[in-house]
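Enquirer: So in my numbering, spot 210 of the sequence shown is number 299, and the numbers just go up one at a time.
Cβ coordinates follow ideal geometry from the N, Cα and C atoms, glycine included.
Note that the structure is a prediction, hence the values are computed from the model and not measured.
Below is one structure. I have some questions about it.
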Amino acid sequence: MPMITPDPGADEERRRGLRRMRTVAVSLLVFAAVVYAATLGREGEVWGFVNAGAEASMVGAIADWFAVTALFKHPLGIPIPHTALIPKRKDELGKGLEEFVGENFLQEDIIRERVVAAAISERAGDWLSDPANARRVVDEVSEVAAIALGKVRDEHIADLVTEAFVPRFREEPIAPLLGTLLTELVSDDLHHGVVDLALEELHRWLVHNGDTFIDVLAERAPWWAPPRLNEAVTQRLHLEAIRWVADIRDNPDHHAREALDSMLRQLGQDLLTDPATQERAERFKERLLDHPQVVTTAISLWKAMRSALLSSMRDREGAVRKRLLVELKAFADRIRSDEALRSKLDKAAADVAVFTVSRYGAELTAVITHTIERWDGKEAARRIELHVGRDLQFIRINGTIVGGLVGVLIHAISLMVK
90 MPMITPDPGA DEERRRGLRR MRTVAVSLLV FAAVVYAATL GREGEVWGFV
140 NAGAEASMVG AIADWFAVTA LFKHPLGIPI PHTALIPKRK DELGKGLEEF
190 VGENFLQEDI IRERVVAAAI SERAGDWLSD PANARRVVDE VSEVAAIALG
240 KVRDEHIADL VTEAFVPRFR EEPIAPLLGT LLTELVSDDL HHGVVDLALE
290 ELHRWLVHNG DTFIDVLAER APWWAPPRLN EAVTQRLHLE AIRWVADIRD
340 NPDHHAREAL DSMLRQLGQD LLTDPATQER AERFKERLLD HPQVVTTAIS
390 LWKAMRSALL SSMRDREGAV RKRLLVELKA FADRIRSDEA LRSKLDKAAA
440 DVAVFTVSRY GAELTAVITH TIERWDGKEA ARRIELHVGR DLQFIRINGT
490 IVGGLVGVLI HAISLMVK
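This is the structure in structure tokens:
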């Protein structure tokens, strides 16, 4: 049966200590026996006390030797009842130890008190405030994250999209989600930033791509119109388009912006309330999900994101690591300066510990019983004796000394009552 692999060096040191204390205990017993034999039958009150003390010392030494030995094996190999307790009853001892730990250590009040008293958040803040420690945390997180990202293959993303995302999107009506999102965006003017960016980019494109704009319009000009007229018209349209886009870009109250807001607001309401609009949104969603490019696009996006993340995380001076260091330092500084935050974090840690113990405490303590049950009885007894046997020899030594003193006392009382 499996046992914990011992440390040979430590075991040898324990074995030497156990032999030394056994030698001391046995030497005291032999000394008491020699004194008893030497003083047996001698005349005189002093020799009577010495003989009585030696006799009681032998009795105490032998009794305590029997008690200590009976824990681990049968004394002298004789199968006396209620001896060799540990080999025979290791399972009951393990169960008792499990119950003792559960009843006296894994209690909510005790755990909460010890976790709070440990001041985990304060220690973590102090530790993270050291730049070397913060760098170590960032390096470890980056290394683990890079390994995890490297384990994700393209087929995993494809399976995730086809087996999880797409079926879920098919089941979920898209119109209420889009309608609510669009209504909130318009209500909070969050779309204005996107509109401003689009207008800025459109204006820049028109300014720098006049020839392309004119060529596209010229291709659609009537064949019968004179070329010089077409050129003048298209150039004029190009200039007017630039002015119009610039006017919309620079005027937050432009009627085109108001028209766009009104259109988006109405579209949001229609997505929430108009069955026809909702049906068109659902058909669009289905066409989009049925398109084979969905999976390819998802994999391409994943590859691009993974490549960027891996490149930055593997670079010790990359943006991701630098940002992590900044955020970690800011978090450590806040912990050290904000007592309320420390209290909240310590309470959260205590809650987590209590929850873990309340939910898995029985399984944790059961490890004691299950482990001891797998041990071989005799080997377990030898291992336990090796760890505690040296201290148990003091029981034999004390029994020898105390027994001798009690023997002297009893002899004195017997003389007094004669």
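Would DSSP call Q382 helix, strand or coil?
Expert: helix
Enquirer: Which residues in the same chain as S210 place their Cβ atom closer than 6 angstroms to its Cβ, once the five residues preceding and following it in sequence are excluded?
Expert: I424, R431, L434, D435
Enquirer: Helix, strand or coil for G407 per DSSP?
Expert: coil
Enquirer: Give the straight-line distance between the Cα atoms of D100 and V446, rounded to the nearest whole angstrom.
Expert: Distance between the alpha carbons of D100 and V446 is about 33 angstroms.
Enquirer: Rounded to a whole number of angstroms, what is the C-alpha to C-alpha distance between A207 and K418?
Expert: For A207 and K418, the distance between alpha carbons rounds to 22 angstroms.
Enquirer: With E289 and R338 assumed to form a contact (beta carbons below 8 angstroms), what rounded beta-carbon distance in angstroms separates them?
Expert: 6 angstroms
Enquirer: Would you please state the rounded distance, in angstroms, between the beta carbons of G239 and L361? I believe it to be under 8 angstroms.
Expert: Contact flag wrong, Cβ pair sits at about 44 angstroms.
Enquirer: Roughly how many angstroms lie between the CA atoms of S396 and T385, to the nearest whole one?
Expert: Spanning the two alpha carbons is a distance of roughly 16 angstroms.
Enquirer: Please report the distance separating the alpha-carbon of Q324 from that of R332.
Expert: 12 angstroms
Enquirer: Check whether the Cβ atoms of L118 and T489 lie closer than 9 angstroms to each other.
Expert: yes
Enquirer: Would T128 be called buried (16 or more neighbouring beta carbons within 10 Å of its own) or exposed?
Expert: Burial is judged here by how many other beta carbons sit within 10 angstroms of a residue's own beta carbon; T128 has at least 16 and is buried.
Enquirer: Our contact map puts K374 next to F258 with C-beta atoms below 8 angstroms; I'd like the distance itself, whole angstroms only.
Expert: Indeed, because the Cβ distance is near 7 angstroms, the residues count as touching under 8 angstroms.
Enquirer: Hey, could you find the ends of the alpha helix (DSSP H) P316 is sitting in?
Expert: In the DSSP assignment, P316 falls within the unbroken alpha helix (DSSP H) covering 316-339.
Enquirer: Can you find at least 3 beta carbon pairs, one from the region 380-394 and one from the region 183-200, that sit closer than 8 angstroms?
Expert: Output reads no: the region 183-200 does not touch the region 380-394.
Enquirer: Answer yes if the region 337-356 comes into contact with the region 272-282, meaning at least three C-beta pairs across the two stretches below 8 angstroms, and no otherwise.
Expert: yes
Enquirer: Which residue spans inside the region 253-295 form an unbroken alpha helix (DSSP H) run of at least 4?
Expert: 255-260, 263-276
Enquirer: What is the C-beta distance between L174 and L160, in whole angstroms, given that I count them as a contact (C-beta under 8 angstroms)?
Expert: 5 angstroms
Enquirer: Round the Cβ separation of V204 and A442 to the nearest angstrom and send it over; I've been treating them as touching at under 8 angstroms.
Expert: 5 angstroms
Enquirer: Might you give, ordered along the chain, the residues of its own chain that have their beta carbon closer than 7 angstroms to the beta carbon of L271, omitting 5 neighbours on each side?
Expert: L353, L356, G357, L360
Enquirer: In the DSSP assignment, find the alpha helix (DSSP H) that holds V441 and state where it starts and stops.
Expert: Under the DSSP assignment, V441 falls in the alpha helix (DSSP H) whose first and last residues are 428-463.
Enquirer: Between G496 and the rest of its own chain, which residues show a CB-CB distance below 7 angstroms, the 5 nearest in sequence each way excluded?
Expert: A141, G142, E144, A145, S146
Enquirer: Determine the DSSP secondary structure at V226, reduced to helix, strand or coil.
Expert: Shown here, V226 sits in a helix according to DSSP, grouped into three states.
Enquirer: First and last residue of the alpha helix (DSSP H) that includes Q358?
Expert: 344-362
Enquirer: With 16 as the cutoff for other CB atoms within 10 Å, does Y125 come out buried or exposed?
Expert: buried
Enquirer: Of all the options G492, S503, H500, which has the alpha carbon lying nearest to the alpha carbon of D153?
Expert: Just measuring C-alpha positions, the residue of G492, S503, H500 sitting nearest D153 is G492.
Enquirer: Would you say the beta carbon of E308 comes nearer than 8 angstroms to a heavy atom of the ligand FMN?
Expert: As for the ligand FMN, it is missing from this structure, which has no ligand bound.
Enquirer: Between the alpha carbons of K411 and S401, how many angstroms are there, rounded?
Expert: 9 angstroms
Enquirer: Could you have a look at N508 and say whether DSSP puts it in helix, strand or coil?
Expert: Residue coverage of the chain in this structure runs from 90 to 507, which leaves residue 508 outside it and unanswerable.
Enquirer: Is P176 buried or exposed, if buried means 16 or more other CB atoms sit within 10 Å of its CB?
Expert: buried
Enquirer: Can you tell which of I303, A330, D336 has its C-alpha closest to the C-alpha of A321?
Expert: Among I303, A330, D336, the Cα nearest to that of A321 is on I303.
Enquirer: Do G466 and K179 come within 9 angstroms of each other at the CB atom, strictly closer than that value?
Expert: It is a contact, given that the beta carbons lie within the stated cut-off.
Enquirer: Kindly list the residues whose CB is nearer than 6 angstroms to the CB of G166, restricted to its own chain and excluding five residues on each side of it in sequence; keep chain order.
Expert: none
Enquirer: Is there at least one Cβ from chain C nearer than 9 angstroms to E368's Cβ?
Expert: Of the protein chains in this structure there is only one, and it is not chain C.
Enquirer: If L481 and V157 are in contact, beta carbons under 8 angstroms, what's the gap, nearest whole angstrom?
Expert: A Cβ-Cβ distance of about 5 angstroms is found for the pair L481 and V157, placing them in contact under the 8 angstroms criterion.
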